Amino acid sequence: MSNPPDNSVLKVPAQAATPSLPPTGAERVLQQTRDRLELALELAHMGTWDLDITGNRLQASARASALHGMAALPFDEDGRQFFGSLPAEERRRMRAVYAAALENQQDCLQVTYRFQLQNGTSRLLESRARIYRNEHGQAVKLSGTVLDITQQCVQSALEASEEKFAKAFHSSPDSITITEIESGRYVEVNDGFCRLTGFSAQEVLGRTAHEIGIWSDTVQREYMIDELRQKGRVHHREMNGQDKHGAPLVLDISVEFITLNNTACLLMNARDIGQLKTAQAQVQHLAYHDPLTGLPNRALLMDRLSQQVSLLQHQNLRGALLFLDLDHFKHINDSLGHPVGDSVLSIIAARLEASVRQEDTVARLGGDEFVVLICGLDGTRD
């Protein structure tokens, strides 16, 4: 008796009997292209979106949703819901860019806008899109990408700020230095510092002001640091220093705290005011002294006379006021010339000053007129 036929092939599932066809070469290439695109977008941290203009339907990728503060899930909603979440100013900017693109028959557009998250922070986003039109030339669809450029803008602004600071630092005619607070060592100096002090940058960097002997009194720096810590900055503080060769410097100092490479530093601006101080002293002297003889003039005499009258009345003392002029002085000027006359006046002034006490005043009113103010006479003195 023969064995029954093997009917196991009849029990194979139907789908096994009709296996799926392997993908064609074109399909494989298309899938590989899609995979590469998704990888590129992921690595670039870009989101994608499509806007059906006729139906106002917006579709966005999970990353695009996350960039706008929503759950990291694909978005498929009415576009007005999304645009309504933007600040009014940003919506106006988007409309203006879109209108300009349509008016100029552009195929692409780019817009940068700010989006505020629920936690109060904001992001700067850049969106680029292609405009698709129908056979009548009407825009029907936008497809684009969105990228968070906040850090790029911050970095660009920081680099621009650093570049501006570097230009201002090195081009300033004033002396500008950066020193570490804790060690006092110079981190950076500009050309203005080198011109002022006579030191080269190589001689200074890595050393302290004490080591190069730039301050006449090192205690000044401690006072400056104390003021800086109390007020947060030092503005126009006068300090005395000296250059590389020991020549004195009178400096106007302004200082602020800065952080450089995570190190607390001082940014100091110094200006040589020695010549200014000398000029101011000369102006002050000329305002109250006769330029020929150096004696007090009428203004200084009246000031001292007023002080002495009050003092003498308070202490019950007496004083004397002597008026002198030179006889025939005009004849000296006319016959011998004004230079000789000036010499005579200078000699008379010196002799008068030598004849009185230090507390007395000899003044020249003008021409050949002199006044002697004698102070503090008691009853026994003429």
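Using the UniProt record's numbering, read the sequence shown as starting at 1 and increasing by one per residue. Note that the Cβ used here is the ideal one computed from N, Cα and C, for glycine as well. These numbers were taken from a predicted model, which means no experiment stands behind them.
- Query: Just reading off the alpha helix (DSSP H) that E89 is part of, what are its end residues?
  - Reply: 88 to 103
- Query: Where DSSP assigns a beta bridge to P248, which residues make up the other side?
  - Reply: Q242
- Query: Which term fits M1, buried or exposed, when burial requires 16 or more other beta carbons within 10 angstroms of its beta carbon?
  - Reply: Its pLDDT being 39, under 50, M1 is placed unreliably in this model, and the coordinates cannot settle the point.
- Task: Could you check if D148 is buried or exposed, using at least 16 other CB atoms within 10 Å of its CB as the buried criterion?
- Result: buried
- What are the start and end residues of the alpha helix (DSSP H) that includes R351? 338 to 354
- Query: Mind checking whether P74 and A62 have CB atoms under 7 Å apart?
  - Reply: yes
- Item | Span of the beta strand (DSSP E) around M70 | Where M70 is concerned, there is no enclosing beta strand (DSSP E), given that its DSSP letter is neither H nor E.
- Message: Give the list of continuous alpha helix (DSSP H) stretches no shorter than 4 residues that lie fully inside the UniProt domain "PAS" (161 to 208).
- Response: 191 to 197, 201 to 204
- Message: Quick check on Q138: does DSSP put it in helix, strand or coil?
- Response: coil
- Query: Who are the near neighbours of R364 in its chain, counting only those whose CB is closer than 6 Å to its CB and skipping five residues on each side?
  - Reply: D290, T293, L295, F370
- Query: Do the CB positions of T208 and M268 come within less than 7 Å of each other?
  - Reply: no
- Starting from the Cα of A71, find the closest Cα among Q118, A299, Q152 and give me that residue. Q118
- Query: Rounded to a whole number of angstroms, what is the C-alpha to C-alpha distance between Q230 and G192?
  - Reply: 28 Å
- Message: With three or more beta-carbon pairs closer than 8 Å as the criterion, would you say the segment 264 to 280 touches the segment 199 to 216?
- Response: no
- Return the CA-CA distance between L150 and F115, expressed in angstroms with no decimal places. Note on residue identity: the sequence assigns Thr, not Leu, to residue 150. If I take the Cα positions, the gap works out to 10 Å.
- Message: What does DSSP give as the partner residue(s) for P296 in the beta ladder?
- Response: H289
- With respect to the beta strand (DSSP E) encompassing I374, which residues constitute its N-terminal and C-terminal limits? 369 to 377
- Item | S335 in three-state terms, based on DSSP | helix
- Item | Close beta carbons around L377, own chain, < 7 Å, minus the five adjacent residues each side | L317, R318, G319, A320
- Item | Selected residue, minimal CA-CA separation from R221, among D243, G184, G246, N190 | G184
- Reduced DSSP secondary structure (H/G/I, E/B, other) of L311: helix
- Item | Cα-Cα separation between L345 and P173, rounded to whole angstroms | 45 Å
- Query: Is the beta carbon of M239 less than 7 Å from the beta carbon of I258?
  - Reply: no
- Message: Quick check on the DSSP output: the beta strand (DSSP E) that includes R364 runs from which residue to which?
- Response: 361 to 366
- Message: Can you tell me whether M46 is buried or exposed? The criterion is at least 16 other CB atoms within 10 Å of its CB, across all chains shown.
- Response: buried
- Query: CB-CB under 8 Å to S310, same chain, minus the five flanking residues each way: which ones, in chain order?
  - Reply: none
- Since Y113 and E90 are thought to touch, with beta carbons under 8 Å apart, how far apart are those beta carbons, to the nearest angstrom? 4 Å
- Message: Using the three-state DSSP reduction, which class does R357 fall into: helix, strand or coil?
- Response: coil
- Task: Buried or exposed for S200, please, with buried defined as at least 16 other CB atoms from any protein chain shown within 10 angstroms of its CB.
- Result: exposed
- Message: Any contact between the segment 269 to 276 and the segment 231 to 250? By contact I mean 3 or more CB pairs, one from each, below 8 Å.
- Response: yes
- Collapsed DSSP secondary structure at H328 in the structure displayed: coil
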